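Taking this note's numbering as reference, the numbering of the sequence shown is continuous, increasing by one, and the terminal residue is 1023.
To start, the structure itself, in structure tokens.
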Amino acid sequence: MEGNYLRVTQDELERAIDDPSWLQEHAQDVRDEVEDADLPPEEARYLTTHKAWHAIAFLLGRAEFHVDVVHGEGELAEEEDWGYGPPRFLSAEQVESAAEALAGIDFDELIDGIDPAELTEADVYPLTWDEDDALEWVGHWFRPLAPFFAAAAADGDAVILWIN
């Protein structure tokens, strides 16, 4: 199970709402291009948080983060299933709000006082929290979110999110 993010323009978001099958094809095309190019997050149209998505949701939930940057805020196509449910989205306004808040988060402060056993107790996927570097591994996948969202916000983009 991996968390996925796709930056889309407002026109692309509207098209996706009207034609979810187009979106799935478009997302795969962008994903293939970005993975081959190995772009930094501020230049990428696609980003993954790999298997750290659930831990990121857990940590941001504990911090009372105001935008759901893991599952999205709006439903896109409830009849579509992209692996573990339908894709969801954040509007350009929500992306901007998330970008501003993510810019102010230091990952070390976010995990300060967190006992990895709490993640195990909460059944946070992928349930490898007894490993010494488990939280550092989450940080590796969390840190690209801020520049990715900042670039999306600067361009006025929305973000499509899904777990597969």
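No residue lacks a Cβ here, since even glycine has one placed at the ideal position from N, Cα and C.
Note that the structure is predicted; figures quoted are calculated from it, not measured.
Check, Outcome
"Any idea if residue 918 is buried or exposed, counting beta-carbon neighbours within 10 angstroms, 16 or more meaning buried?", "buried"
"What's the call for residue 976, buried or exposed, on a 16-neighbour Cβ count within 10 Å?", "exposed"
"Keeping to the same chain, check which residues put their C-beta closer than 8 Å to that of residue 947; ignore five residues upstream and five downstream.", "930, 931, 932, 933, 934, 935, 1019, 1020 and 1021"
"Quick one: is the Cβ of residue 979 within less than 6 Å of any heavy atom of the ligand ZN?", "This structure lacks the ligand ZN, and indeed carries no ligand of any kind."
"Under 7 Å, do residue 984 and residue 913 count as touching if we go by C-beta distance?", "yes"
"Residues in its own chain within less than 6 Å of residue 997 by CB, not counting five upstream and five downstream?", "911 and 914"
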